[in-house]
Structures are given as C-alpha cells and as structure tokens.
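First the structure, in the form of structure tokens, and then the observations on it.
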Amino acid sequence: MNTATQKDFMEIVKGRRSIRVYDENVKISKEEMTQILEEATTAPSSLNLQPWRFVVIDSTEGKETLLPLSSFNKRQVETSSAVIALFADYQMADYTEEIFNTAVERGIMPAEVRDRQVDMIKGIFKDAPKEMIKDSIMLDSGLVAMQLMLVARAHGYDTNPIGGYDKANIAEAFGLDKERYLPVMLLSIGKAAEEGYPSVRFPVDRITDWK
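Below you can see the structure in the form of structure tokens.
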C-alpha cells in the first residue's frame, strides 16, 4: 500500500462517526446502493455461505413501517437517505450447491474441489444445532456490517449502526419469515447534517497481550 493509498484508507477508518441526523435532501440512487452492497458483500463468510440478507428501507412507506419499531432511533430513520435492515439467514446452507456450481462455471474452482466442499458442508449442517448456526451467521453478518460502513464512507456517506429496535417483529413487518431470518442490526446511511463526536479508544497495550 503506497503512502497516498494508506492515508486515504486511514481517513475512511478513523474518520468514521456514528451519525444521528442526516441531510434529508440527499438521496442515494438504487444503482449506487446496489454498488455499495456489492462491494460490502466481498466480506468473508464461513464456508462462503454468505448468510447476510438486506432490506433497504428508503421509501416513505417503508420508513413509516419502520418508525414504530425503531425505539429511540427515530431521528436517524426520518432523516437518513435509507435504513438498511441486516438479517442473517438460518437456511444459508440451502444455497451451497448454487454457490459452488457458480464458482466452477466461472473457472475459479475445480469441480473436484466443489464436490469435496459440498459434501463437507452437507455433513456439517445435516444435524447442526440451531445455536451453532446462529453463532456462525452472526459472526459473518458482523463482518459484512463493518465492511458496509467502511464502503459507505468510501462513497462519501455516513452511517450509524443501530441495535435498539423491535427485533421480535421487524422481520414480519417487512415480509420475512421470522423463524428463518435473524435480525442483526439496522444501519442508517446518508450525508451527515451534524458532525458526529469522535470517541475514545483504549490504547493497544491496554487490550492486547503478546505471547
């Protein structure tokens, strides 16, 4: 990484703020939002099963549905360009063959490797307890969420991860099966109307052991 690239990257990382009030005049097109999500979903996932699912809430009707569920985070919902509801799919293993067949078709994986991987994954998930699957999909969804925030900033937008909302009812509110889709977080996105506060972090030597 050259000096200029490193400087730009660190500005994206260290300049990120959690924004609660956005410029209501700024909209993000479906085309750009699609690009943002495509870039975010290059994040790694366990066995490449990509359990993340997104609902982009940017219409008046969508926000009206979300507002009663958003607890004390209504200002972000009202002013942001969009709120992205991130869910994790308990049944992500259903897509195993599709994912690995596509890799073979694109010439990035030999067929024999696909066959081994598919057989292994089927064995893992045949009788996997739900709690084990939950741990895996929550980890993967955390990876894509952080990457999404950084990608959004690279596109010139600000974000705020939101954990305070009605998790029991949000899936059904947006037409998803609540037994299948686990709510992970809401993420507001747009242009900041108020500058966010920087936050304090522990020094590395406080949180790290060297062995």
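All residue numbers in the sequence shown are consecutive under the numbering used here, ending with 273. Glycine residues also receive a C-beta, built at the ideal position from the N, C-alpha and C atoms. This structure is a prediction, so every number in the text was calculated from the model and none was measured.
Cβ separation of residue i and residue j, assumed to be a contact under 8 angstroms, to the nearest whole Å
i	j	result
Phe-134	Gly-225	About 11 angstroms; that fails the 8 angstroms criterion.
Pro-223	Ala-233	Rounded, the Cβ-Cβ distance is 18 angstroms, inconsistent with contact.
Ile-146	Leu-249	5 angstroms
Ala-207	Tyr-84	No, Ala-207 and Tyr-84 are not in contact; Cβ-Cβ is about 19 angstroms, not under 8 angstroms.
Ser-142	Ile-251	6 angstroms
Met-154	Leu-210	No, Met-154 and Leu-210 are not in contact; Cβ-Cβ is about 18 angstroms, not under 8 angstroms.
Ser-203	Ala-150	5 angstroms
Asn-231	Leu-109	That belief does not hold up - the Cβ atoms of Asn-231 and Leu-109 are roughly 31 angstroms apart, past 8 angstroms.
Leu-201	Ala-105	Between Ala-105 and Leu-201 the Cβ distance is about 11 angstroms, and since that is not below 8 angstroms, they are no contact.
Cβ-Cβ distance between residue i and residue j below 8 angstroms
i	j	result
Asp-220	Arg-79	yes
Ile-119	Ala-102	no
Tyr-152	Lys-188	no
Ile-98	Ala-214	yes
Asn-163	Arg-178	no
Ile-14	Thr-158	The shown model of the chain, from 63 to 273, leaves out residue 14, and the question about it has no answer.
Thr-96	Phe-236	no
Leu-129	Val-139	yes
Arg-82	Arg-137	yes
Glu-94	His-217	yes
First through last residue of the beta strand (DSSP E) which encompasses residue i
i	result
Val-266	No beta strand (DSSP E) contains Val-266, which is instead part of the alpha helix (DSSP H) from 266-269.
Collapsed DSSP secondary structure at residue i in the structure displayed
i	result
Val-262	coil
Tyr-152	coil
Ala-207	helix
Ser-250	strand
Pro-130	helix
Leu-238	coil
Limits of the alpha helix (DSSP H) - the one that residue i falls within
i	result
Ile-170	Neither: Ile-170 is in no alpha helix (DSSP H) and is coded neither H nor E.
Glu-140	136-141
Chain D within 8 angstroms of residue i, Cβ atoms only
i	result
Pro-130	Absent from the structure: chain D. Only one protein chain is present.
- Message: Report the start-end ranges of each beta strand (DSSP E) in the stretch 65-123 that is 3 residues or longer and not cut off at the edges.
- Response: The DSSP assignment places complete beta strand (DSSP E) segments of no fewer than 3 residues inside the stretch 65-123 at 114-119, in order along the chain.
- Sequence ranges, alpha helix (DSSP H) only - wholly within the stretch 210-234, length at least 4: Whole alpha helix (DSSP H) segments, 4+ residues: zero.
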